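Structure first, commentary second.
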Amino acid sequence: MRDYKKIYYEWLNNSYIDEKAKEELKSIENNPEEIKERFYKDLEFGTAGLRGKLGIGSNMMNIYTVGRASQALADYITDFGEERMKMGVVIAYDVRHFSKEFAKESALILAANGIKAYLFDDIRPTPVLSFAVRYLKTTAGIVVTASHNPKDYNGYKVYWDQGSQILDDVANGIVEKIEKIGYDFSKIKKIKEEEAINKNLLQYISKEVDEEYIQRVESLALRDEDLDKNIKIVYTPLNGTSNNFVRRVLKDRGFKNVFIVKEQELPDPDFKSVANPNPEYEVAFEEAKKLGYEKNAQLLLANDPDGDRTALEILHDNNYKMLNGNQVGALLVNYILESKSEKGSLEDNSVIIKSIVTGDLTKRIAKKYGVSVLETLTGFKNICGKENELEKEGKSKFLFGFEESIGYIYGTFVRDKDGTIASMLISEMVGYYSKKNKNLIDVLEDIYQEFGYELENNYSLVLEGVEGQERIKRIMEKFRNNFPKEMGNLKLEQYADYLKRKIYNLTTGEISDITDIPSSDVLRFWFSDGSWYAIRPSGTEPKLKIYIYSNDKEKEKSKAKLNLIKNIVDNIIEHVV
1 MRDYKKIYYE WLNNSYIDEK AKEELKSIEN NPEEIKERFY KDLEFGTAGL RGKLGIGSNM
61 MNIYTVGRAS QALADYITDF GEERMKMGVV IAYDVRHFSK EFAKESALIL AANGIKAYLF
121 DDIRPTPVLS FAVRYLKTTA GIVVTASHNP KDYNGYKVYW DQGSQILDDV ANGIVEKIEK
181 IGYDFSKIKK IKEEEAINKN LLQYISKEVD EEYIQRVESL ALRDEDLDKN IKIVYTPLNG
241 TSNNFVRRVL KDRGFKNVFI VKEQELPDPD FKSVANPNPE YEVAFEEAKK LGYEKNAQLL
301 LANDPDGDRT ALEILHDNNY KMLNGNQVGA LLVNYILESK SEKGSLEDNS VIIKSIVTGD
361 LTKRIAKKYG VSVLETLTGF KNICGKENEL EKEGKSKFLF GFEESIGYIY GTFVRDKDGT
421 IASMLISEMV GYYSKKNKNL IDVLEDIYQE FGYELENNYS LVLEGVEGQE RIKRIMEKFR
481 NNFPKEMGNL KLEQYADYLK RKIYNLTTGE ISDITDIPSS DVLRFWFSDG SWYAIRPSGT
541 EPKLKIYIYS NDKEKEKSKA KLNLIKNIVD NIIEHVV
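Take a look at the structure:
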């Protein structure tokens, strides 16, 4: 471990660090554990940019770590020459503490380096930033957000010219520049706001980009006349960025009964109205449910605070039932393909993209319509990265992308998951089936009846610290080298080791290469009946992630398979100490 005390004193005595920040550092002088936590490493910059707790220190989100990343990005862009510098960088930010300050600091650093900065004048959902990169034809984009993390976190994500998050090549290039700066903060260039505006190096963006974005979202509508637009919808942006966008789109589409959760309508960096601002968890719907029961609403909709993910609950038998990301993904794929097929607008070379740990039910639905499903590693940087590749090749037409963690994208003008687009499509879908006297639970049951009951149990094992990381490695090695070939009546047919980029067929003995997915520490095991499970370490948290999917024509049999696989997997993990 590095000499974190030495680095602490370097920061404390650095003339670039302002007095207020130094006061914060002095307040922890007699707290060695706090000094260690803040300085034992640098906040890592990866394909997801920076993310960490707010505070002064090399391992935290603050004006200095953000400034260093922005100077590194400026240095990286400068290497590409004047044309790229003129194209500039567009910057957005969310509702969190210091988001606006970090965004403005980044804009002024870029401007000081002769790179045009476009800065949104207020909070915006992350997908609007992705759209703005493409619409303004900038070299890059920055969004200051920590998505659905707790209130004491913030983050900094970088997008490249196609509007999708950076991949390893760009991230590694920026990291090299960060390392050259080190803690010599005097290398971070600065310019006053007025000077930047006068030199046309800083331009504030107000409504023009929003209007273009909203028009394009609304153009994605699949149906209009054959919808029940009187359905009652309760919507919550969870005190985040999506409120105006989702409500505007639903209003424009003619949905007359949209009720907002008042306590969660306005931006709040402390998220006081919700125990956890992550709509994947049912606790985020507590206030929405109260209003839903009061209004007898068919649909509860929630976006996470940065507006890129969407969750829903459906009123069924007088109770609200949450549908998970795989179920919503299957419903949307079914609805999109059914609608486009009916109207004769489904193109022959259409492609759906999902992650390798997302369920396979959509593959069976897509096959019915002659549509291909491609797979990538987890994360929309990979899903939209694959979309970019398809666009370049010109052979396939991207139709829809999603993953099990409630992220969805339809259309090609945004290259990230988009909560506004998803909210519109979900509302439209609910309205369409409502006119047929069905709700989404009924439709999902129809899908299961036709394609089989794919049930799931996806969960994480938290293993913190150095010992936790070592145990995760041992568990991965156990499954890599000594996995069960049978589980009850389930026979293992093949498995994939994405680290080695190989698929091993246990029936034929054939070993084939994985050529279209980069190396990653993920193991995936398929049984002959279509059930499967996967296991991987989290890339961002001290967790081991386990994904289990069962498949059968009968629901109870699928449930039994799911429990069987989970019990055996858990038992193996338990015995790896």
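Take 1 as the starting number for the sequence shown in UniProt numbering and just add one per residue.
Built from N, CA and C at the ideal position, the CB exists for glycine as well.
From a predicted model like this one, the values you see are computed outputs, not experimental measurements.
Would you mind giving the Cβ-Cβ distance between V89 and T145, rounded to the nearest angstrom? I have them listed as a contact below 8 Å.
Translated into positions along the sequence shown, residue 89 becomes position 89. Translated into positions along the sequence shown, residue 145 becomes position 145. Contact check for V89 and T145: beta-carbon distance about 16 Å, past the 8 Å limit, so the pair fails to qualify.
Could you check whether N388 and Q165 sit closer than 8 Å to each other, using their CB atoms as the reference points?
As a working note, residue 165 is residue 165 in the sequence shown. As a working note, residue 388 is residue 388 in the sequence shown. Not in contact: Q165 and N388 (Cβ atoms no closer than 8 Å).
Looking at C-alpha atoms only, which residue of H148, K557, P542, G509 is the closest neighbour of D529?
Position 529 of the sequence shown, counted from the first residue, corresponds to residue 529. That would be K557, whose Cα lies nearest to the Cα of D529.
Taking R248 as the reference, give the member of K436, Y498, E211 with the closest Cα.
Locating residue 248 in the sequence shown gives position 248, where the first residue counts as 1. Restricting attention to K436, Y498, E211, the CA atom closest to the CA of R248 is found in E211.
With H, G and I counted as helix, E and B as strand and the rest as coil, what does DSSP make of N326?
By 1-based counting over the sequence shown, the position of residue 326 is 326. The answer is helix: DSSP assigns N326 an H, G or I state.
By the DSSP assignment, the beta strand (DSSP E) with V373 in it spans what residues?
Translated into the one-based positions of the sequence shown, residue 373 becomes position 373. Boundaries of the beta strand (DSSP E) harbouring V373: 372–376, taken from the DSSP string.
Could you work out which residue in A311, G329, A330 is closest to K321 when comparing CA atoms only?
As a first step, residue 321 must be located in the sequence shown, where it is residue number 321. Measuring from the Cα of K321, the nearest candidate turns out to be A311.
Residue range of the beta strand (DSSP E) that includes P537
Locating residue 537 in the sequence shown gives position 537, counting from the first residue. Taken as a continuous stretch (DSSP letters only), the beta strand (DSSP E) holding P537 covers 532–537.
Could you tell me which residues DSSP puts in a beta bridge with K545?
Translated into positions along the sequence shown, residue 545 becomes position 545. DSSP output for K545 lists S460, R536 as bridge partner(s).
Taking one C-beta from the segment 194–210 and one from the segment 116–126 each time, how about it: are there three or more such pairs within less than 8 Å?
Segments in contact, yes.
Alpha carbon to alpha carbon, how far is I17 from G67?
Against the sequence shown, residue 17 aligns to sequence position 17. Against the sequence shown, residue 67 aligns to sequence position 67. Across the structure, I17 and G67 are spaced so that their CA atoms are roughly 12 Å apart.
Ignore the nearest five residues each way along the sequence and tell me which others in P269's own chain have a CB closer than 7 Å to its CB.
Counting from 1 along the sequence shown, the entry for residue 269 is found at position 269. These residues qualify, in order along the chain: V95, R96, H97, K151.
K6 burial status per 10 Å Cβ neighbour count (16 or more: buried):
Indexing the sequence shown from 1 puts residue 6 at position 6. Exposed, since its Cβ has fewer than 16 Cβ neighbours within 10 Å.
Pair within 8 Å by beta-carbon distance, I77 and I115
Stepping through the sequence shown from its first residue, residue 77 is reached at position 77. Stepping through the sequence shown from its first residue, residue 115 is reached at position 115. Their beta carbons are under 8 Å apart, which means I77 touches I115 by this criterion.
Closest to I178 by C-alpha separation, out of S70, K190, L12, would be which residue?
One-based indexing of the sequence shown puts residue 178 at position 178. Minimum Cα distance to I178 is reached at S70.
Coil, strand or helix - V443 by DSSP
Position 443 of the sequence shown, counting from 1, holds the residue named residue 443. In the structure shown, V443 sits in a helix (DSSP, three-state: H, G or I).
Boundaries (first-last residue) of the beta strand (DSSP E) holding T310:
Start at 1 with the first residue of the sequence shown, and residue 310 comes out as number 310. Membership of T310 in the beta strand (DSSP E) is indicated by the continuous run 310–316.
Using a Cβ-Cβ cutoff of less than 6 Å, which residues in the same chain neighbour E541 once the five nearest sequence positions on both sides are dropped?
Within the sequence shown, numbered from 1, the residue matching residue 541 stands at position 541. Cβ contact annotation for E541 (same chain, cutoff 6 Å, sequence separation greater than five): none.
Give the single residue among F39, N30, E554, L301 whose Cα lies nearest to the Cα of M429.
For this step, residue 429 is matched to residue 429 along the sequence shown. With distances taken between Cα atoms, M429 lies closest to L301.
So who's on the other strand from T236, going by DSSP bridges?
Position 236 of the sequence shown, counted from the first residue, corresponds to residue 236. Its beta-bridge partners are A302.
Counted within 10 angstroms of its Cβ, other Cβ atoms place T236 as buried (16 or more) or exposed:
As a working mapping, residue 236 is identified with position 236 in the sequence shown. When all chains shown are included, T236 counts as buried.
Candidates A422, G465, N349, Y335: which alpha carbon is nearest Y432's?
Here residue 432 refers to the residue found at position 432 of the sequence shown. Ranking the options by Cα distance to Y432, first place goes to Y335.
Measure the CB-CB distance between V143 and Y93 and report whether it falls below 8 Å.
Locating residue 143 in the sequence shown gives position 143, counting from the first residue. Locating residue 93 in the sequence shown gives position 93, counting from the first residue. With contacts defined by Cβ atoms closer than 8 Å, V143 and Y93 form a contacting pair.
Other residues of its chain near I517: CB distance less than 8 Å, five sequence neighbours each side excluded:
Taking the first residue of the sequence shown as 1, we reach residue 517 at position 517. Cβ neighbours of I517 beyond the five flanking positions: I356, E375, T376, L377, Y498, R501.
Between R216 and F400, is the Cβ-Cβ spacing less than 8 Å?
Within the sequence shown, residue 216 is the residue found at index 216, counting from 1. Within the sequence shown, residue 400 is the residue found at index 400, counting from 1. Between R216 and F400, the gap from beta carbon to beta carbon reaches 8 Å or more.
With A117 and L43 assumed to form a contact (beta carbons below 8 Å), what rounded beta-carbon distance in angstroms separates them?
As a working mapping, residue 117 is identified with position 117 in the sequence shown. As a working mapping, residue 43 is identified with position 43 in the sequence shown. 22 Å between Cβ atoms; not a contact.
Would you report the Cα separation of E195 and M60, rounded to the nearest angstrom?
Position 195 of the sequence shown, counted from the start, is the residue given in the question as residue 195. Position 60 of the sequence shown, counted from the start, is the residue given in the question as residue 60. Cα to Cα, the separation comes out at about 30 Å.
Indicate whether I568 and I475 have their beta-carbon atoms separated by less than 8 Å.
Residue 568 sits at position 568 when you count from the first residue of the sequence shown. Residue 475 sits at position 475 when you count from the first residue of the sequence shown. Taking 8 Å as the Cβ cut-off, I568 and I475 do not qualify as a contacting pair.
Using a 10 Å radius around the Cβ and a threshold of 16 neighbouring Cβ atoms, would you call P305 buried or exposed?
Residue numbering aside, residue 305 sits at position 305 when the sequence shown is read from its first letter. Per the 10 Å Cβ criterion, buried.
Is it buried or exposed, V466, if we count other Cβ atoms within 10 angstroms and call 16 or more buried?
Here the question's residue 466 lines up with position 466 in the sequence shown. The residue is exposed, with fewer than 16 neighbouring Cβ atoms inside 10 Å.
Locate the beta strand (DSSP E) running through F398, then write down its first and last residues.
Position 398 of the sequence shown holds residue 398. Note, F398: beta strand (DSSP E), 397–403.
Going by DSSP, name the residue or residues bridged to G49.
What you label residue 49 is simply residue 49 of the sequence shown in a count that begins at 1. Looking at the DSSP assignment, G49 forms a beta bridge with G46.
Proximity winner among S341, E176, K199, S58, relative to A112 (alpha-carbon distances)
On the sequence shown, residue 112 is found 112 positions in, with the first residue counted as 1. Among S341, E176, K199, S58, the Cα nearest to that of A112 is on K199.
Measuring alpha carbon to alpha carbon, tell me which of A366, E403, I365, S350 ends up nearest G394.
Within the sequence shown, the letter at position 394 stands for residue 394. Comparing Cα positions, the closest option is S350.
Could you name each continuous beta strand (DSSP E) segment of 3 residues or more that falls completely within the segment 125–185, going from the start of the chain to the end?
Runs found: 140–144, 153–160.
Endpoints, the beta strand (DSSP E) within which A275 is located
Within the sequence shown, numbered from 1, the residue matching residue 275 stands at position 275. Premise fails: A275 is in no beta strand (DSSP E) and is neither H nor E.
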